[in-house]
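Novice: For the sequence shown, this note's numbering gives the first residue as 168, with consecutive numbering after it. One structure follows; several queries about it will come next.
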Amino acid sequence: MDERLDIEARRRYILDQLSRQGRVRVSDLSRMLSISEVTIRNDLKVLEISGRLERVPGGAVATLDHFLQGGYRQRKTKNAEQKKLIGDTLSEHVHDGEIIMINSGTTSLLAAIALKKHRNLNILTNSIAVALELGAHPTTRVILLGGKINAQYGFTFGSDTVTQLSRYKADKAILSVDGITIVNGLTTYHAEEAEINQAMMSRSDQVMIAADSSKLGRESFINFASLACGQTLVTDSEADCSIVRAFRAVGVTVLMPDEKR
């Protein structure tokens, strides 16, 4: 890589690796880019001055601002209007003073934003973005569950997270999913988040599933729960009518924006 011509491209690459991994090593970047470690350290110094990362021994870690402005924001824009409407619909079924568990995901984040109209909510979440969004609300109490961190997607996970969840009981769980079918139920891309979703479901009186229409009839990597009578699915008005009927036939309540019920 031409050092003089590709300085900006090289630094964009470094930031991209930070978005994906949360941390980079000088030795790895030097090898991948065929650039001296001295040059890489200089790049990291410049990027630290601009607030894009924080240098640590042997490399650098992503700052929270970089995480929020990077890949997570890009995912948030996909089907954003449908997800906002889903969030608004979910909020209509939440009441002041309730205890709500919220997992990570872009639909969960938009639901959290919609919850700001409520007062005295108690929120338990493994999503960094959800915690930041609701943490500044004057009457909302937020508990960010600790544990290991998935830096790319901004959530906590692991046995410590599950143990913390087991200490609480919630009125509702709001769960984003990556796929939902009659046969395989609720699915997610992330094996490490599957156990968090299961724990939230087991500790909540009501399960509210947030999924835009593109997720209906689609299977993802890991199944974490079956569809069951008493669950509530909130989706958008583009949902396939035959899929909606099938979900309702097994006892799932399906809510859609502006639907006459």
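Just so it is clear, CB atoms sit at the ideal spot from N, CA and C, and this is done for glycine as well. Please read all numbers here as calculations on a predicted model, not as lab measurements.
Suppose contacts are defined by Cβ-Cβ distances below 7 Å. Is Ile295 in contact with Thr328 by that definition?
Specialist: One-based indexing of the sequence shown puts residue 295 at position 128. One-based indexing of the sequence shown puts residue 328 at position 161. Cβ atoms of Ile295 and Thr328: not closer than 7 Å.
Novice: Apply the 10 Å Cβ neighbour rule to His262 and answer buried if 16 or more other Cβ atoms are within range, or exposed otherwise.
Specialist: Looking up residue 262 in the sequence shown gives position 95. Flag for His262 reads exposed.
Novice: Ignore the nearest five residues each way along the sequence and tell me which others in Ala366's own chain have a CB closer than 6 Å to its CB.
Specialist: Here residue 366 refers to the residue found at position 199 of the sequence shown. Result list for Ala366: Val329, Leu332, in chain order.
Novice: Could you tell me whether the Cβ atoms of Gly346 and Arg385 are closer together than 7 Å?
Specialist: Numbered from its first residue, the sequence shown carries residue 346 at position 179. Numbered from its first residue, the sequence shown carries residue 385 at position 218. In this structure, Arg385 lies closer than 7 Å to Gly346 by Cβ.
Novice: Alpha carbons only, please: which of Lys284, Thr323, Ser326, Gln319 is nearest the one belonging to Thr307?
Specialist: Reading the sequence shown from its first residue, position 140 is the one you call residue 307. Selected option, being the one with the closest Cα: Lys284.
Novice: How would you label Ser393, buried or exposed, when you count the other beta carbons within 10 angstroms and need 16 or more for buried?
Specialist: In the sequence shown, counting from the first residue as 1, residue 393 sits at position 226. Classification for Ser393: exposed.
Novice: Since I believe Thr355 is in contact with Ile389 (beta carbons under 8 Å), could you give me their beta-carbon distance rounded to a whole number of angstroms?
Specialist: The sequence position of residue 389 within the sequence shown is 222, counting from 1. The sequence position of residue 355 within the sequence shown is 188, counting from 1. Contact holds; Cβ gap of about 5 Å.
Novice: Can you have a look at Gly218 and say buried or exposed, based on whether 16 or more other CB atoms are within 10 angstroms of its CB?
Specialist: As a working note, residue 218 is residue 51 in the sequence shown. Counting Cβ neighbours within 10 Å, Gly218 comes out exposed, since fewer than 16 surround it.
Novice: Which stretch, first to last residue, makes up the alpha helix (DSSP H) that contains Met368?
Specialist: Counting from one through the sequence shown, the residue named residue 368 turns up at place 201. First-last of the alpha helix (DSSP H) with Met368: 358-369.
Novice: To the nearest whole angstrom, what separates the beta carbons of Ser312 and Ala278, a pair I think is in contact under 8 Å?
Specialist: Taking the sequence shown and counting its residues from 1, one reaches residue 312 at position 145. Taking the sequence shown and counting its residues from 1, one reaches residue 278 at position 111. In the sequence as presented, Ser is not what sits at residue 312; that position holds Leu. Rounded, the Cβ-Cβ distance is 17 Å, inconsistent with contact.
Novice: Could you check whether Leu185 and Val193 sit closer than 7 Å to each other, using their CB atoms as the reference points?
Specialist: Taking the sequence shown and counting its residues from 1, one reaches residue 193 at position 26. Taking the sequence shown and counting its residues from 1, one reaches residue 185 at position 18. Contact: no.
Novice: Could you give the DSSP three-state label for Arg412: helix, strand or coil?
Specialist: Locating residue 412 in the sequence shown gives position 245, where the first residue counts as 1. Note: Arg412 maps to helix in three-state DSSP.
Novice: Kindly indicate the opening and closing residues of the alpha helix (DSSP H) around Val191.
Specialist: Position 24 of the sequence shown holds residue 191. Element bounds for Val191: not the alpha helix (DSSP H) but the beta strand (DSSP E), 190-192.
Novice: Put Ser294 into one of helix, strand or coil per three-state DSSP.
Specialist: Residue mapping note: residue 294 aligns to position 127 of the sequence shown, counting from 1. Ser294: strand per DSSP, three-state reduction.
Novice: Could you check which residue in Leu252, Leu220, Ile290 has the C-alpha nearest to that of Met423?
Specialist: Here residue 423 refers to the residue found at position 256 when the sequence shown is read from its first residue. For Met423, the nearest C-alpha among the options comes from Leu252.
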